[in-house]
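Quick notes on the structure that follows.
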Amino acid sequence: MPELPEVEVIRTELNSKIINQKIKNISNFWHKTFVNYCQELPINDNIINTDRIGKYIIFQLENNYLVIHLRMTGQLIFTENSNFSTKHLRSSIELFSGSYLNFYDSRKFGRIYHVSELKSILSNVGIDALSEDFTNKHFKNMLFKQKRGIKSFLLDQKYIAGLGNIYIDECLFLSGIHPKKLTNEIKNKDAEKLYLNIKKILNLAIENMGTTISDYRTTGGGFGTNQNFLKVYNRENEECFRCNSIIQKINNEAFVYIFI
DNA sequence: CTAATCACCTGAAGGC
DNA sequence: TGCCTTCAGGTGATTA
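Mapping of the first sequence onto our numbering: residues 8 to 267, in sequence order.
Encoded structure:
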């Protein structure tokens with residue numbers, strides 16, 4: 008499912024395609040997908056810039072923003088003409104260039120918000136995991152103030168934004184930390200290791216164009232390749248690469264792995 | 001405060 | 001073939 012790396016690949020690809028393009032029309036085919044907090048649709052607005060916080064993609068318009076969350080199955084597909092599939096098409100942004108940015112979403116969980124202020128949507132979203140302001144010190148401050156399972160903490164977007172099941176499992180595995188380990192009991196050295204692995208694994212996944220397990224696609228409809236390098240996610244009942252024991256799943260929530 | 005559960009939705013996969 | 005159940009899991013709301 009799309010997490011920070013997938014969303015960042017999509018944002019980067021779109022950046023070169025839609026900046027300085029003018030919106031001609033927006034068509035919506037599922038009543039909940041497009042959430043308009045403004046008076047009108049942003050027709051005739053220029054797309055000035057793109058940004059990303061956690062799993063949210065942000066299009067800065069002239070006076071307001073489009074904020075997109077793909078949730079589980081959302082896809083943003085860019086096409087240069089009107090010859091495209093309408094299966095699972097929930098929203099379509101037509102540009103004056105004749106191109107379309109189409110939002111496909113089989114499960115209908117994804118959203119496009121049209122807002123005049125970002126805080127109306129992003130007020131509960133914490134610091135982006137790849138932000139330069141997200142430092143090791145900042146991480147440890149948040150970590151040691153909590154007393155909860157480390158995976159649950161990392162999943163909570165109000166502290167660190169962008170991590171989901173795939174990359175949390177990979178980061179914890181690489182750091183040798185059990186997903187249910189309590190945050191306040193994690194050793195200083197392990198916390199630092201985890202911090203560095205978060206940055207490392209996210210950046211590697213971006214280089215690999217994201218992880219395609221089922222629905223994630225790049226804006227041209229292509230697959231990522233990072234699924235070929237996963238060490239623990241999606242490997243239930245397979246042998247651990249480190250100790251050869253069998254990887255087990257707990258509560259649909261996390262993976263357990265046994266160390267030598 | 002945290003944890004657990006449900007709701008939102010659909011399609012794929014597996015059992016019978 | 002077909003019906004039924006389970007599972008995938010991001011987020012927000014609700015309950016304990």
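A virtual CB, placed ideally from N, CA and C, is assigned to each residue, including glycine.
query                                                                                                                         : result
Exposure label - S98; buried when at least 16 CB within 10 Å                                                                  : buried
Neighbourhood of Y72 by C-beta distance below 7 angstroms, restricted to the same chain and skipping five residues each side  : I65, F66, V122, L125
Unbroken alpha helix (DSSP H) run spanning N251, endpoints                                                                    : It is not in any alpha helix (DSSP H) - N251 carries neither H nor E in the DSSP assignment.
For R59, the three-state DSSP class (helix, strand or coil)                                                                   : strand
According to DSSP, residues forming a beta bridge with E101                                                                   : N32, Y107
Cβ distance (whole Å) where L96 is taken to contact T226 below 8 angstroms                                                    : About 15 angstroms separates the two Cβ atoms, so there is no contact after all.
Backbone CA spacing between T19 and I26 [nearest angstrom]                                                                    : 11 angstroms
C-beta contact flag for D176 and T80 at 8 angstroms                                                                           : no
Nearest residue (CA-CA) to F103, options I17, L237, I30                                                                       : I30
N143: first and last residue of the uninterrupted alpha helix (DSSP H) it sits in                                             : 143 to 152
Three CB pairs or more closer than 8 angstroms across the region 8 to 16 and the region 42 to 56                              : no
Rounded separation between T57 and S127 - CA only                                                                             : 18 angstroms
Nearest-angstrom Cα separation, counted from L162 out to K94                                                                  : 31 angstroms
Span separating the alpha-carbon of I84 from that of K206                                                                     : 27 angstroms
Residue burial classification, N109 (beta-carbon count within 10 angstroms, cutoff 16)                                        : buried
Beta-carbon proximity of R114 to T40, cut-off 8 angstroms                                                                     : no
Same chain, Cβ closer than 7 angstroms to D197, neighbours up to 5 away in sequence not counted                               : S182, I184
Neighbourhood of N244 by C-beta distance below 8 angstroms, restricted to the same chain and skipping five residues each side : I253, I254, Q255
Where Y120 falls: helix, strand or coil (DSSP)                                                                                : strand
CB of E101 within 8 angstroms of CB of N32, strictly                                                                          : yes
Nearest-angstrom beta carbon gap, Y107 and S89 [assumed within contact, 8 angstroms]                                          : 7 angstroms
CA nearest to the CA of K238, picked from C178, E47, I157                                                                     : C178
Within 8 angstroms, strictly: CB atoms of L137 and I60                                                                        : no
Neighbour-count burial assignment, R155, 16 or more Cβ in a 10 Å radius                                                       : exposed
Presumed contact (8 angstroms Cβ cut-off) between N191 and Q153, rounded CB distance                                          : 7 angstroms
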